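In this note's numbering, the protein residues as written are 1 to 334.
Step one of this worksheet: look at the structure below.
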């Protein structure tokens, strides 16, 4: 039996979709990614539908509000927190309708603690990332809130054989490198120790789920993610550098799944299916792994979210990933 929740030749989306019609986005996610459908996010709807606000709505006893500089912790829940929560509840209601009768793995996405800490400001000061105690409080709150969210999704999608939780951490390389700007923008916050990053990230991973960390920035910290205990790493295949391949090889050898972004997240010409599959096929060949494991350990995705694409392209990108995933199984090369 496979160690992964999905079967061979699986593709999925990263999470965000264009437009404001969530019911249609859910139908597209189930229709074009049937092996691993997911709960779409529609940031075009405005405040609270964005990645930071949506995940902040899950936090327990840490209300947020929008200031001119962005999201900030508040003394009490207000209009912005309510709007974010309302978006999520409506989305889950719509999911429940579309998912009736579905059986198989199902994916949800949340923003990770380190990207949140680099984005949300404290009530009277700098970003959360600047205060280790505040980071700890954020991690504890997110851990509880995410566990409750997973339980809610399980109730609404009773046919889900396994919940796949994607933790979005585009800010993680900056946290490790010390390049996250201060709230004023005139300085940089100090780099965080790699072990602390791994420990805090590992703490939020929900029990009895399959966890994947998505990082669409260059310099994905594979070692930190493995230390955190994630089951998979999601990255843009076109940002992989040859010098990353030793770390990628160690990650694959450890049994970690790879979610490879193989088509652009914004409107462009999609190449033929063989070319879409080539980054995965070529990587596997260079690393010397058997082609028989490729279609189960690698899931194909767009390079990043599809919020900046047209609806037609978003659908076409998911279709291309699904068809290219078949190549990994049926024609992976030698």
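Backbone N, C-alpha and C fix where the C-beta goes; we use that ideal spot for every residue, glycine too.
Just so you know, these numbers come straight off a predicted model, no measurement behind them.
Using the beta-carbon count (16 or more within 10 Å), is residue 254 buried or exposed?
-> Position 254 of the chain shown, counted from the first residue, corresponds to residue 254. Residue 254 is exposed by the Cβ-count criterion.
Does DSSP classify residue 1 as helix, strand or coil?
-> Locating residue 1 in the chain shown gives position 1, where the first residue counts as 1. Here residue 1 scores only 40 on pLDDT, less than 50, and its place in the model should not be relied on; the value that follows carries that caveat. Looking at residue 1 - three-state DSSP - the assignment turns out to be coil, as it is neither helix nor strand.
Answer with buried or exposed for residue 1, where buried requires no fewer than 16 other C-beta atoms within 10 angstroms of its C-beta.
-> Position 1 of the chain shown, counted from the start, is the residue given in the question as residue 1. Reliability of the predicted coordinates at residue 1 is poor, the pLDDT of 40 falling under 50, and no value is obtained from them.
Going by DSSP, which residues form a beta bridge with residue 257?
-> Counting from one through the chain shown, the residue named residue 257 turns up at place 257. The partner list for residue 257 (beta bridge, DSSP) reads 232.
Same chain only: Cβ atoms within 6 Å of residue 15, ignoring 5 sequence neighbours per side = If you number the chain shown from 1, residue 15 lands on position 15. The residues are 41, 109, 305.
Residues bridged to residue 210 by DSSP?
-> In the chain shown, the residue the question calls residue 210 occupies position 210. As DSSP reads the structure, residue 210 sits in a beta bridge with 164.
For residue 30, which residues of its own chain have a beta-carbon under 8 Å away from its beta-carbon, when the five flanking residues on both sides are left out?
-> Locating residue 30 in the chain shown gives position 30, where the first residue counts as 1. Correct list, in chain order: 37, 98, 99, 102.
If you follow the beta strand (DSSP E) that residue 321 is part of, which residue opens it and which one closes it?
-> Start at 1 with the first residue of the chain shown, and residue 321 comes out as number 321. Per DSSP, residue 321 belongs to no beta strand (DSSP E); it is in the alpha helix (DSSP H), 311-330.
For residue 139, collect the residues of the same chain with a Cβ closer than 7 Å to its Cβ; drop the 5 residues on either side in sequence, then sort them by chain order.
-> Along the chain shown, read from residue 1 onward, the residue named residue 139 stands at position 139. So the qualifying residues of the chain are 113, 200, 203, 204.
Taking all protein chains shown into account, decide if residue 32 is buried (16 or more other Cβ within 10 angstroms of its Cβ) or exposed.
-> Residue numbering aside, residue 32 sits at position 32 when the chain shown is read from its first letter. By the Cβ-count criterion, residue 32 is buried, with 16 or more other Cβ atoms from all chains shown falling within 10 Å of its own Cβ.
Assign residue 96 to one of three DSSP states: helix, strand, or coil.
-> Counting from one through the chain shown, the residue named residue 96 turns up at place 96. Three-state result, residue 96: helix.
Exposed or buried, what is residue 325 when buried is set at 16 or more other beta-carbons lying within 10 Å of its beta-carbon?
-> The count along the chain shown starts at 1 and reaches residue 325 at position 325. That one is buried.
Out of 80, 64, 129, which has the shortest C-alpha to C-alpha gap to residue 45?
-> Residue 45 sits at position 45 when you count from the first residue of the chain shown. Selection 80, 64, 129 evaluated against residue 45 yields 80 as nearest (Cα-Cα).
What three-state label does DSSP hand residue 37 in the structure shown?
-> Taking the chain shown and counting its residues from 1, the one referred to as residue 37 is at position 37. Coil, per DSSP.
Return helix, strand or coil for residue 243, following the three-state DSSP convention.
-> If you number the chain shown from 1, residue 243 lands on position 243. Under the three-state reduction of DSSP output, residue 243 falls in the helix class.
Inter-stretch contact (C-beta, 8 Å, three-pair minimum) for the region 228-238 and the region 169-184 | The region 228-238, when compared against the region 169-184, does not touch it at the 8 Å Cβ threshold.
Count the other CB atoms within 10 Å of the CB of residue 166; is the residue buried (16 or more) or exposed (fewer)?
-> Along the chain shown, one-based indexing puts residue 166 at 166. Residue 166 is buried by the Cβ-count criterion.
What is the DSSP secondary structure of residue 29, reduced to helix, strand or coil?
-> Along the chain shown, read from residue 1 onward, the residue named residue 29 stands at position 29. Helix at residue 29.
What's the C-alpha gap between residue 10 and residue 188?
-> If you number the chain shown from 1, residue 10 lands on position 10. If you number the chain shown from 1, residue 188 lands on position 188. Taking the straight line joining both Cα atoms gives about 40 Å.
Considering only the beta carbon of each residue, do residue 222 and residue 191 sit closer than 8 Å?
-> Against the chain shown, residue 222 aligns to sequence position 222. Against the chain shown, residue 191 aligns to sequence position 191. No, the pair does not count as a contact, with Cβ atoms beyond the cut-off.
Span separating the alpha-carbon of residue 220 from that of residue 214 = The residue labelled residue 220 in the question sits at position 220 within the chain shown. The residue labelled residue 214 in the question sits at position 214 within the chain shown. Approximately 9 Å, taken between the alpha carbons.
7 Å CB neighbourhood of residue 289 in its chain, flanking five on each side removed = Position 289 of the chain shown, counting from 1, holds the residue named residue 289. Excluding residues within five positions, the ones whose Cβ falls inside 7 Å are 252.
Residue range of the beta strand (DSSP E) that residue 108 falls in?
-> By 1-based counting over the chain shown, the position of residue 108 is 108. Counting along the chain, the unbroken beta strand (DSSP E) around residue 108 starts and ends at 104-111.
Exposure of residue 20, with buried meaning 16 or more beta-carbon neighbours within 10 Å | Position 20 of the chain shown, counting from 1, holds the residue named residue 20. It counts as exposed.
Reduced DSSP category for residue 269 - H, G, I as helix; E, B as strand; rest coil = As a first step, residue 269 must be located in the chain shown, where it is residue number 269. In the three-state reduction of the DSSP assignment, residue 269 falls in the coil class.
Can you tell me whether DSSP reads residue 300 as helix, strand or coil?
-> Looking up residue 300 in the chain shown gives position 300. Here residue 300 carries a strand assignment [DSSP, helix/strand/coil].
Cβ of residue 273 within 7 Å of any heavy atom in the ligand NAD?
-> Of ligands this structure carries none, so the ligand NAD is not represented either.
Kindly indicate the opening and closing residues of the alpha helix (DSSP H) around residue 145.
-> Counted from its first residue, the chain shown places residue 145 at position 145. Bounds of the alpha helix (DSSP H) holding residue 145 are 132-156.
Which one of 158, 303, 128, 73 has the shortest CA to CA distance from residue 267?
-> As a first step, residue 267 must be located in the chain shown, where it is residue number 267. Answer by Cα proximity: 303.
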